[in-house]
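So the mapping is simple: my numbering equals the position in the sequence shown, first residue as 1, plus 1140.
Just so you know, even glycine gets a beta-carbon here, dropped at the ideal spot from N, CA and C.
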Amino acid sequence: MQRLTKSLRSLPFPAGKILRTPLVVRREYSSEIPDPVELSFDSYTGENPETSPPLLTYHGLFGSKQNWRGISKALVRKVSRKVYAIDVRNHGESPHSSVHNSKAMSEDLRLFMEQRSHPNAACMGHSMGGRSMMYFARKYPELVERLIVVDISPISVPRSTGEMTEIFDAMVSLDLSPSMSMSEGRKIAREKLLKATEDETVDFIMLNLRKNPDTGAFSWACNAHVLREFLTRFDKYQSNLEELPPYTGPTTFICGTRSPYMRREQWPQIQKMFPNSEIHWLDAGHLVHFEKPQEFLTIVSEFLNRND
């Protein structure tokens, strides 16, 4: 993960209508595929009639549906679509699961659409969420009207699993007394994480720290134990993707020029996987949608409004 911005405050866009849904239980499916979980989400609607398929968004590692709140509120004023900001499994308010990979997250999305009777949807994902959306588009192309991938390559990632393991080790070994206040717990957790990674990444991870109001117990919103276990399998993503055919639907990549998550020399290879694709470069780091929100919104809204 690249250096992340210190402040992830809400973007100053006019609010659309928002409907919050409670966490719901998981359903068992055939053992031939990972068991889907029912995902927590926020939905956004604007004043425009919804004449196009909805937009489904997936966030990145350590993130949540809140990462897409400002963008979602702004988008529904520009496009004729409902927007769903979704917590992926093992993150936010969605269920924790013993499995965490793009295949499982794709099945969650398939179930999400099935339950809402959406025959297809536009799909947008950042980082880990972008990889899941790329897998979903190639596994279920009939369900994906168009695809937006934000600052991630299907070929490689820059951060070593060793460095990420240190971060997760710090998270899972954190032992805070329930008698501590939230501010005291945050101070100790932050100091421990700073031994594993830089300030900006720590600030982002700290958004996951929770304190139970009844018991006082501290916990992480993301499932740090399982995410750590599946770290070594992230590198197998490309080999898993190669077994699927190219996705030929309209696709756009939006990447940061100062981010190492997409390398320009990989683009010809990526176009073989997504032959109907284009790429946009913004002067930003990994969090393109936070650092350049207006430019990002223009690219996304124009892409969603196109008649391809």
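I need the boundaries of the beta strand (DSSP E) containing Met1413, first residue and last residue. On the sequence shown, residue 1413 is found 273 positions in, with the first residue counted as 1. No beta strand (DSSP E) holds Met1413; the alpha helix (DSSP H) holding it covers 1407 to 1413.
Is the beta carbon of Ser1234 less than 9 Å from the beta carbon of Ala1244? To locate residue 1234, count along the sequence shown from 1; it is residue 94. To locate residue 1244, count along the sequence shown from 1; it is residue 104. It is not a contact, given that the beta carbons lie outside the stated cut-off.
Note down, in chain order, each residue of its chain lying with its Cβ closer than 6 Å to the Cβ of Val1164, except the 5 sequence neighbours on either side. Within the sequence shown, residue 1164 is the residue found at index 24, counting from 1. Low confidence applies here, because Val1164 scores a pLDDT of 38, under 50, leaving its location unreliable; read the following figure in that light. Counting only Cβ-Cβ distances below 6 Å, and skipping sequence neighbours, we find Glu1178.
Candidates Ser1272, Tyr1275, Ile1288, Lys1327: which alpha carbon is nearest Leu1316's? Taking the first residue of the sequence shown as 1, we reach residue 1316 at position 176. Out of Ser1272, Tyr1275, Ile1288, Lys1327, Lys1327 has the C-alpha closest to the C-alpha of Leu1316.
Test item: CB-CB of Phe1443 and Ser1417 under 9 Å: Start at 1 with the first residue of the sequence shown, and residue 1443 comes out as number 303. Start at 1 with the first residue of the sequence shown, and residue 1417 comes out as number 277. No; because the gap between Cβ atoms is not below 9 Å, this pair is not in contact.
Could you give the first and the last residue of the continuous beta strand (DSSP E) run that contains Val1289? In the sequence shown, residue 1289 corresponds to position 149, counting from 1. Run containing Val1289: 1284 to 1290, per the beta strand (DSSP E) assignment.
Let me know the secondary structure DSSP gives Tyr1401 once reduced to three states. Residue 1401 sits at position 261 when you count from the first residue of the sequence shown. The answer is coil: DSSP assigns Tyr1401 none of H, G, I, E or B.
CB Gly1396 to CB Trp1360, shorter than 9 Å? Here the question's residue 1396 lines up with position 256 in the sequence shown. Here the question's residue 1360 lines up with position 220 in the sequence shown. No, they are not a contact pair.
Out of curiosity, what's the CA-to-CA distance linking Leu1148 and Pro1390? On the sequence shown, residue 1148 is found 8 positions in, with the first residue counted as 1. On the sequence shown, residue 1390 is found 250 positions in, with the first residue counted as 1. Any reading at Leu1148 must be qualified, since the residue scores a pLDDT of 35, below 50, and its modelled position is unreliable; the value itself is stated next. Each residue's alpha carbon lies about 30 Å from the other.
I'd like to know whether the C-beta atoms of Tyr1275 and Tyr1224 end up nearer to each other than 9 Å. Working through the sequence shown from its first residue, we reach residue 1275 at position 135. Working through the sequence shown from its first residue, we reach residue 1224 at position 84. Contact flag unset, no.
Please go through the same chain and pick out, in chain order, the residues whose beta-carbon is closer than 7 Å to the beta-carbon of Arg1368, but skip the five residues on each side of it. As a working note, residue 1368 is residue 228 in the sequence shown. For Arg1368, where only same-chain residues beyond five positions count, the Cβ hits under 7 Å are Thr1305, Phe1308, Val1312.
Identity of the residue in Tyr1280, Ala1214, Asp1248 nearest Arg1229 by Cα: One-based indexing of the sequence shown puts residue 1229 at position 89. Here the closest residue by C-alpha is Asp1248.
Under 9 Å between C-beta atoms of Pro1176 and Arg1278: Here residue 1176 corresponds to residue number 36 of the sequence shown, with the count starting at 1. Here residue 1278 corresponds to residue number 138 of the sequence shown, with the count starting at 1. No, these two residues do not count as a Cβ contact at 9 Å.
Evaluate Leu1334 with the Cβ neighbour count: other Cβ atoms within 10 Å of its Cβ, from every protein chain shown; 16 or more gives buried, anything less gives exposed. Working through the sequence shown from its first residue, we reach residue 1334 at position 194. Counting Cβ neighbours within 10 Å, Leu1334 comes out exposed, since fewer than 16 surround it.
Could you tell me the boundaries of the beta strand (DSSP E) in which Lys1351 lies? Reading the sequence shown from its first residue, position 211 is the one you call residue 1351. DSSP places Lys1351 inside the beta strand (DSSP E), whose first and last residues are 1349 to 1351.
Start-to-end residues for the beta strand (DSSP E) that takes in Ile1439: For this step, residue 1439 is matched to residue 299 along the sequence shown. Taken as a continuous stretch (DSSP letters only), Ile1439 belongs to no beta strand (DSSP E), being part of the alpha helix (DSSP H) at 1433 to 1445.
Presumed contact (8 Å Cβ cut-off) between Tyr1401 and Pro1294, rounded CB distance: Sequence index remark: in the sequence shown, residue 1401 carries index 261 (1-based). Sequence index remark: in the sequence shown, residue 1294 carries index 154 (1-based). In this structure, Tyr1401 and Pro1294 do not form a Cβ contact; the two beta carbons are roughly 11 Å apart against a cut-off of 8 Å.
Going straight from the alpha carbon of Asn1447 to that of Ser1296, what length do you get? Along the sequence shown, one-based indexing puts residue 1447 at 307. Along the sequence shown, one-based indexing puts residue 1296 at 156. Distance between the alpha carbons of Asn1447 and Ser1296 is about 32 Å.
How big is the Cα-Cα spacing for Leu1381 and Val1289? Sequence index remark: in the sequence shown, residue 1381 carries index 241 (1-based). Sequence index remark: in the sequence shown, residue 1289 carries index 149 (1-based). Rounded to the nearest angstrom, the gap between the Cα atoms of Leu1381 and Val1289 is 15 Å.
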